[in-house]
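One structure below.
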Amino acid sequence: MATVSERVEIARLAHRFGFGPRPGEFEAALKMGVSSYRSQVLTVPQLDNGAAAIKEPEITDLGKRPAPNTPEVIPFAQAMRLQSQQLLLWWLDRMALSDHGLTERMTWFWHGHWATSIGKLNYAMPMYLQNKTLRTHALGNFKEMARAMVNDGALQYWLDGNNSTIKAPNENLSRELMELFILGVNRYSEDDVKALARALTGYQVINSSGALTFNLKNHDLTPVTLLGTTASFDGTSASDFLVARDDCATFIAERLWYRFISSTEPLPTNSSIKSAFADRNIASAVKAM
């Protein structure tokens, strides 16, 4: 029979690295023991039968919004609302029914980290694509995730990258990329914000589909000095440069600590989470928790 401490540990694993045990999961975990259950929780299965059984939402590119006061306005608005509802219900189903709760828990974590809202985008398609990107990289390599997100149509539109050109670089994405997504507060200067904004110029987004294109004519090719390094950056190379910095490892370890362990106590010095994240492997950092 499992001890009280074993039961507590299994419950903690189920709730911390998922959304709680599914029917029968807690009893099965008690039989296999804490060590085996911990391994199961942290191992991504080759096939997730629970998630595979969930029907994908019927989300399509609805195209340009109709002109005001035309007959198409009401059915268009209804279609937008329906797709948004389908997206939300699909994700909730995945949270509840997936065989691997940690994948969905980390997708949710990264959704909060790379903060984007359908409230500004209006269309479900870009958010649907972003959700799938976050899930793909949820326990993968953060360098690859950051690359994908810099080139994500929803994030670019949300932070006004769509309006950033060589003549008028927009600093919203630049600032958030360093402060909220990769480095953390007080780990860059205003000059770095301006430099990175120039490196991020040239992107264009089709809002209804989330498709991202790059217009070289609108991109600033002039070398910039970013955090002491002078180079001709674009979105991908700038992302790689930021992710490689030690501040990135510290920041992601801090965010994992805050969300999964303690919102009141700071990340300990010489944290094993940061050490495990040295190669930017997210799964390794999660296991270290």
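Residue -19 is where the sequence shown starts when you use this note's numbering, and the numbers rise one by one after that.
Ideal Cβ positions, reconstructed from N, Cα and C, are used throughout, including at glycine.
Sub-8 Å separation of residue i and residue j beta-carbons
{"i": "T96", "j": "R115", "result": "no"}
{"i": "A134", "j": "L101", "result": "yes"}
{"i": "N29", "j": "W71", "result": "no"}
{"i": "A268", "j": "A258", "result": "no"}
{"i": "Q184", "j": "N166", "result": "no"}
{"i": "N150", "j": "L192", "result": "no"}
{"i": "T40", "j": "M105", "result": "yes"}
{"i": "D(-18)", "j": "L10", "result": "It should be pointed out that residue -18 corresponds to Ala in this sequence rather than to Asp. Going by C-beta atoms, A(-18) is nearer than 8 Å to L10."}
{"i": "R74", "j": "I34", "result": "yes"}
{"i": "E38", "j": "V14", "result": "no"}
{"i": "D79", "j": "A8", "result": "no"}
{"i": "K254", "j": "A229", "result": "yes"}
{"i": "A128", "j": "T113", "result": "yes"}
Three-state secondary structure assigned by DSSP to residue i
{"i": "T210", "result": "strand"}
{"i": "A268", "result": "helix"}
{"i": "A47", "result": "coil"}
{"i": "Q184", "result": "strand"}
{"i": "L114", "result": "helix"}
{"i": "F257", "result": "coil"}
{"i": "T205", "result": "strand"}
{"i": "L163", "result": "coil"}
{"i": "A224", "result": "coil"}
{"i": "T270", "result": "Not covered by the structure: residue 270. The range shown for the chain is -19 to 269."}
{"i": "L192", "result": "strand"}
{"i": "N131", "result": "coil"}
{"i": "N150", "result": "coil"}
{"i": "N121", "result": "strand"}
{"i": "I241", "result": "coil"}
{"i": "Y168", "result": "coil"}
{"i": "L139", "result": "coil"}
{"i": "W88", "result": "helix"}
{"i": "N198", "result": "helix"}
{"i": "D73", "result": "helix"}
{"i": "T96", "result": "coil"}
{"i": "Y108", "result": "helix"}
{"i": "T216", "result": "helix"}
{"i": "S64", "result": "helix"}
Presumed contact (8 Å Cβ cut-off) between residue i and residue j, rounded CB distance
{"i": "F89", "j": "I232", "result": "That belief does not hold up - the Cβ atoms of F89 and I232 are roughly 11 Å apart, past 8 Å."}
{"i": "L119", "j": "A263", "result": "4 Å"}
{"i": "S188", "j": "L42", "result": "6 Å"}
{"i": "N198", "j": "G182", "result": "4 Å"}
{"i": "S212", "j": "L201", "result": "6 Å"}
{"i": "L153", "j": "G141", "result": "5 Å"}
{"i": "M148", "j": "A179", "result": "One point to set straight first is that residue 148 is Ala, not Met, in the sequence displayed. With a Cβ gap of about 15 Å, A148 and A179 do not count as contacting."}
{"i": "H91", "j": "R235", "result": "H91 to R235, Cβ: 13 Å. No contact."}
{"i": "P46", "j": "F56", "result": "5 Å"}
{"i": "G190", "j": "L109", "result": "5 Å"}
{"i": "Y103", "j": "M60", "result": "7 Å"}
Cβ of residue i within 8 Å of any chain D Cβ
{"i": "M269", "result": "The structure shown contains no chain D, having only a single protein chain."}
Next item on the list: Kindly confirm or deny that the region 96 to 112 and the region 153 to 161 touch, where touching means at least three C-beta pairs closer than 8 Å.
Entry: no
Checklist line | Stretch-stretch touch, CB-based, cutoff 8 Å, three pairs: the region 192 to 212 with the region 163 to 175 | finding: yes
Next item on the list: Would you check if the region 19 to 28 and the region -8 to 8 touch, i.e. whether three or more CB-CB distances between them fall below 8 Å?
Entry: yes
Next item on the list: Run through the region -19 to 60 for me and flag every whole alpha helix (DSSP H) of 4 or more residues, listed as ranges in chain order.
Entry: -16 to -4, 5 to 12, 14 to 22 and 29 to 32
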